[in-house]
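Chains as they are written, first to last, in UniProt numbering: chain G, 1 to 238; chain L, 1 to 238.
Quick reminder that beta carbons are idealized off the backbone N, C-alpha and C, glycines included.
Quick caveat: nothing in here was measured; it's all calculated off a predicted structure.
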């Protein structure tokens with residue numbers, strides 16, 4: 001039964017790629033959580049660990065991409081199977097970028113290099129990362145269990161992250177205007193918040209890929225969007 | 001001569017994909033130049049045009065990805081040819097992200113919604129985008145003409161962009177500290193500068209892909225890196 005044998009080998013390769021994606025997802029979640037923990041506690045050692053471990057995620061993404069392409073060239077999968085392999089590549093790409101964003105936050109910890117001056121500077125950032133981590137966990141579950149409804153819920157909830165980011169952006173600018181000594185730390189926190197908001201965007205990208213893997217279609221229309229910091233006027237200095 | 005016929009059809013498909021990449025490259029360059037022109041002149045109409053045209057770039061990237069994958073599945077290219085098709089996908093991905101970054105700058109123009117208060121705020125941003133555009137033009141030439149030396153020159157020059165960005169970051173923070181009324185505009189300019197610095201990173205990614213397409217290998221070691229804003233202490237408020 002040579003055909004049977006080929007199908008089984010193919011399935012095994014697919015399963016192995018799926019396992020690599022799951023491992024990448026777990027690592028990406030850890031890097032995001034650790035980067036903000038390092039930021040909150042001024043933990044330079046943890047920040048350095050995030051930067052080091054991100055390289056592993058980059059390497060895994062390259063491996064998934066190469067193996068997926070070889071699989072396509074070797075097995076010529078069609079329809080559902082081809083979608084599955086394309087989805088692996090897309091998700092690996094998004095997870096690699098999530099790792100980069102966590103690394104960027106970790107680098108800011110090293111740049112700030114001192115405890116955050118006022119605890120309230122951190123409240124919004126911590127809230128933001130909690131939602132982003134929930135989104136990541138949900139979309140990885142949606143992928144493992146092929147749940148289109150959960151993927152759609154992740155996409156719809158991205159507006160929460162965007163709205164929270166917008167409000168945090170204005171809050172941090174207000175601290176900067178109140179006292180110029182806050183400008184340095186708050187600027188780094190602004191960039192960190194923007195990185196978390198973009199992690200949310202990647203969770204949404206993955207949700208779109210999950211929908212595509214399940215149905216073969218992309219969602220219609222623009223995704224919901226509520227980050228308005230770059231299309232709104234800013235708080236007036238006072 | 002069916003084999004000859006297949007090879008010719010394959011070459012035609014490769015050439016068509018190459019043409020799409022060239023078109024994407026031209027569009028990406030235009031979006032970047034226009035976004036900073038809109039920023040400099042407070043040209044909301046031009047900013048809106050950048051946002052609209054970026055969607056076209058997204059669509060082109062999807063098309064290149066789909067056609068490249070179908071080509072791999074259909075023709076099972078090996079070695080050099082497979083590298084060529086993978087390179088198309090990677091470069092299209094980077095160019096799509098360059099377009100996103102130009103769109104982000106255009107959105108900041110709409111957010112600022114007023115002429116930049118002091119011309120000197122813009123000098124560094126304009127200088128930064130000039131170098132980024134040169135890098136993009138050079139790497140697209142390196143790709144069209146298969147010039148590995150030019151690709152390496154692009155990679156090596158990324159440190160110039162990073163060093164300039166670092167100095168601009170400090171300069172903009174100084175304006176913010178001098179007068180809190182500058183905080184709004186300078187924050188948007190900081191994010192715009194960061195977007196341009198990342199456009200430079202994508203030019204470097206493309207340089208790496210060109211090297212891979214030509215030689216089948218990745219460059220050894222970490223790329224040179226001189227953006228130190230996130231690992232350095234900040235100017236002291238004064």
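Please list the partners that residue i has in chain G, where partner means a Cβ-to-Cβ separation under 7 angstroms.
| i | result |
| --- | --- |
| residue 79 of chain L | Per Cβ cutoff of 7 angstroms: no residues; residue 79 of chain L is ~11 angstroms from chain G at best. |
| residue 183 of chain L | 173, 176, 177 and 237 |
| residue 215 of chain L | By Cβ distance, chain G contributes nothing, its closest Cβ being about 16 angstroms from residue 215 of chain L, past 7 angstroms. |
Since I believe residue j is in contact with residue i (beta carbons under 8 angstroms), could you give me their beta-carbon distance rounded to a whole number of angstroms?
| i | j | result |
| --- | --- | --- |
| residue 135 of chain G | residue 200 of chain G | 6 angstroms |
| residue 151 of chain G | residue 207 of chain G | 4 angstroms |
| residue 87 of chain G | residue 213 of chain G | 4 angstroms |
| residue 129 of chain L | residue 142 of chain L | Contact doesn't hold; Cβ gap of about 20 angstroms is too wide. |
| residue 190 of chain G | residue 172 of chain G | 5 angstroms |
| residue 102 of chain L | residue 188 of chain L | Actually they do not touch by this definition, with Cβ atoms about 15 angstroms apart. |
| residue 68 of chain L | residue 140 of chain L | Their Cβ separation, rounded to whole angstroms, is 18 angstroms, which puts residue 68 of chain L and residue 140 of chain L out of contact at 8 angstroms. |
| residue 47 of chain G | residue 95 of chain G | Going by Cβ atoms, the distance from residue 47 of chain G to residue 95 of chain G rounds to 20 angstroms, so no, they are not a contact pair. |
| residue 38 of chain G | residue 106 of chain G | 6 angstroms |
| residue 168 of chain G | residue 203 of chain G | Not quite, the Cβ-Cβ distance comes to about 18 angstroms (not below 8 angstroms), so this is no contact. |
| residue 9 of chain L | residue 76 of chain G | Going by Cβ atoms, the distance from residue 9 of chain L to residue 76 of chain G rounds to 17 angstroms, so no, they are not a contact pair. |
| residue 211 of chain G | residue 113 of chain G | That pair is no contact at about 43 angstroms. |
| residue 32 of chain L | residue 98 of chain L | 7 angstroms |
| residue 100 of chain G | residue 54 of chain G | 7 angstroms |
| residue 197 of chain L | residue 161 of chain L | 6 angstroms |
Taking 8 angstroms as the CB-CB limit, is residue i close to chain L?
| i | result |
| --- | --- |
| residue 2 of chain G | Confidence at residue 2 of chain G is low in this model, with a pLDDT of 47, below 50, so its placement is unreliable and the value that follows should be read with caution. Judged by the 8 angstroms Cβ criterion, residue 2 of chain G is not in contact with chain L. |
| residue 82 of chain G | yes |
| residue 180 of chain G | yes |
| residue 159 of chain G | no |
| residue 135 of chain G | no |
| residue 229 of chain G | yes |
| residue 190 of chain G | yes |
| residue 13 of chain G | no |
| residue 10 of chain G | no |
| residue 40 of chain G | no |
| residue 115 of chain G | no |
Strictly below 9 angstroms CB to CB, what residues from chain L border residue i?
| i | result |
| --- | --- |
| residue 86 of chain G | 65, 66 and 69 |
Counting only C-beta atoms, is residue i closer than 8 angstroms to chain G at any point?
| i | result |
| --- | --- |
| residue 203 of chain L | no |
| residue 21 of chain L | no |
| residue 72 of chain L | yes |
| residue 209 of chain L | no |
| residue 76 of chain L | yes |
| residue 187 of chain L | yes |
Tell me the start and end of each unbroken beta strand (DSSP E) in the segment 136-217 of chain L that is at least 3 residues and wholly inside, in chain order. none
Chain-ordered residues of the segment 92-112 of chain L with a beta carbon less than 7 angstroms from chain G: 104, 107, 108, 110 and 111
What runs of the alpha helix (DSSP H), each 4 residues or longer, lie entirely inside the segment 63-134 of chain G? 79-112
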